[in-house]
Each structure stands twice: as structure tokens, then as C-alpha cells.
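Asker: With the UniProt record's numbering, letter number 94 in the sequence shown gets 94, and the count goes up by one each step, no holes.
Sending over a structure as C-alpha cells; questions will come in a sec.
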Amino acid sequence: MEAVSTDKAPQAIGPYSQAVRAGGLVFVSGQIPLKPDGTLAEGDIRAQTEQVMENLQAILEAAGSSLSRVVQTTCFLSDMEDFPLFNEVYARYFSPPYPARATVAVKALPRGVRVEVACIALAD
């Protein structure tokens, strides 16, 4: 097991790694819309989703992978009414075959954000 870290995405805000490489896979921790400097990305669900996806991309690249190698995502929304706009941005970052996905609404997310996304990708 190997921890993955990059300064091109926000540092972990708790006792966890940005990602871990293990068994030919990369497990990326849930990303919220923090900029690499740790400040919150301002804006609506579209802007927040874009920042989350950019964070995932940076971490995957640091691990030697990419968004095109993602096999599964887990998406958390603080309001399911945001789903259509979230999906619009999310779809721009993937192409067929799309990763498997679970999207759930939750009561709250860290720092009061509207979206968090975690993923699993092929490492090599």
C-alpha cells in the first residue's frame, strides 16, 4: 500500500491520504470543492463540481492514473435538486465506457459544501 499526495489538490483535512495505491488500483478519498491552497471554491453546484473534478484529476495524475481509468465513483450531494446540474458537469469529465456510479443525498457535507466525490481507478 502506498499513499499518494500532490500539491495540485487540497491537502487532506483529517487523518487520511488524498489517495492510496494498492493491488493495481487507486482509491481516491472524497474530494470537496477546495482549491489546492485550501480555500473553498465559490459558486453554485456547477463551480463546486468543476473544482471537485479538477481535484480528482490532479490526484489521479499524481498516482500515475487518470479520469479515463476510473472504474467507480461515489458521489454525495447535499441537495438532490442539484443532481441535473451536477450531472451536466460530471459528464464533461468522462467518456464511454462511463464508470459505475452511486449518487446519494446526504444531510450535510464538510465545510457546508454541496458536493463530494470519491473514486476508484486502475493504477496502471
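Where is the CB? At the ideal position from N, CA and C, for every residue including glycine.
As the structure is a computational prediction, the values presented were derived from the model and not from experiment.
Just to confirm the assignment, what range does the beta strand (DSSP E) spanning A19 have?
Answerer: Residue numbering aside, residue 19 sits at position 19 when the sequence shown is read from its first letter. A19 -> beta strand (DSSP E) spans 19 to 22.
Asker: What does I13 pair with, by DSSP beta-bridge criteria?
Answerer: Counting from 1 along the sequence shown, the entry for residue 13 is found at position 13. I13 is not bridged to any residue.
Asker: Could you give the residue range of the alpha helix (DSSP H) that holds I32?
Answerer: For the purposes of this step, residue 32 is identified with residue 32 of the sequence shown, where counting begins at 1. Counting along the chain, I32 falls outside any alpha helix (DSSP H), and DSSP gives it neither H nor E.
Asker: Tell me V70's beta-bridge partners as DSSP assigns them.
Answerer: For the purposes of this step, residue 70 is taken as the residue at position 70 of the sequence shown. Beta-bridge pairing links V70 to A121.
Asker: Count the other CB atoms, across all protein chains shown, that sit within 10 Å of the CB of A19; report buried if there are 16 or more and exposed otherwise.
Answerer: Counting from 1 along the sequence shown, the entry for residue 19 is found at position 19. Buried.
Asker: V26 to A58, Cα distance in whole Å?
Answerer: Numbered from its first residue, the sequence shown carries residue 26 at position 26. Numbered from its first residue, the sequence shown carries residue 58 at position 58. Distance between the alpha carbons of V26 and A58 is about 13 Å.
Asker: Could you please give the first and the last residue of the uninterrupted alpha helix (DSSP H) stretch that includes A91?
Answerer: Residue 91 sits at position 91 when you count from the first residue of the sequence shown. First-last of the alpha helix (DSSP H) with A91: 83 to 92.
Asker: Quick one: give me the first and last residue of the beta strand (DSSP E) that T49 is part of.
Answerer: Residue 49 sits at position 49 when you count from the first residue of the sequence shown. Where T49 is concerned, there is no enclosing beta strand (DSSP E), although the alpha helix (DSSP H) it sits in stretches over 45 to 62.
Asker: Decide if the region 65 to 76 is in contact with the region 111 to 119; the criterion is three or more beta carbon pairs, one per stretch, under 8 Å apart.
Answerer: With a cut-off of 8 Å, the region 111 to 119 and the region 65 to 76 count as touching, because enough Cβ pairs lie within range.
Asker: Are the CB atoms of I45 and F86 nearer to each other than 8 Å?
Answerer: Against the sequence shown, residue 45 aligns to sequence position 45. Against the sequence shown, residue 86 aligns to sequence position 86. Contact flag set, yes.
Asker: Please classify R101: does DSSP put it in a helix, a strand, or coil?
Answerer: To locate residue 101, count along the sequence shown from 1; it is residue 101. Residue state, collapsed to three classes: strand.
Asker: Using only the alpha-carbon positions, how far apart do A83 and G23 sit?
Answerer: Working through the sequence shown from its first residue, we reach residue 83 at position 83. Working through the sequence shown from its first residue, we reach residue 23 at position 23. Reading the sequence as shown, one finds Phe at residue 83 and not Ala. Going by the C-alpha atoms only, they are around 32 Å apart.
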